[in-house]
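Residue 57 in this note's numbering is what sits at position 53 of the sequence shown, and the numbering runs on without skipping anything. Everything below concerns the one structure shown next.
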Amino acid sequence: HVLDVDPPFSPRIVAVKKNKLVTDEYELMEILGRGKFGEVKKCREKSTQHYLAAKFIQ
């Protein structure tokens, strides 16, 4: 049984910010999956406290 803790939200445009660490804006949590080119981690956006998944390409 899977329970959603946050209601779904609309997709949004995300900008890559140079000279800024991901951890400045997001709390990185456990790894949800791994693949050939990187991994997907559970994250929490610090400004909104929303949970999301982020893909990190190596």
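The beta carbon of each residue, even a glycine, is placed where N, CA and C say it ideally should be.
Are the beta-carbon atoms belonging to Leu25 and Cys47 less than 8 Å from one another?
Result no, Cβ atoms of Leu25 and Cys47 do not sit closer than 8 Å.
With a threshold of 7 Å on Cβ separation, who are the neighbours of Gln62 within its own chain once the five nearest residues in sequence on each side are excluded?
If we look at Gln62 and ignore the five residues flanking it on each side, its Cβ neighbours are Phe41 and Gly42.
What residue range does the beta strand (DSSP E) around Val44 cover?
Segment Gly42 to Glu49, the beta strand (DSSP E) holding Val44.
Grab me the residues of Glu34's own chain with a C-beta within less than 6 Å of its C-beta, minus the 5 sequence neighbours each way, in chain order.
Contacts found: Lys46.
Please report the residue range of the beta strand (DSSP E) in which Phe60 lies.
Where Phe60 is concerned, the enclosing beta strand (DSSP E) stretches over Tyr55 to Ile61.
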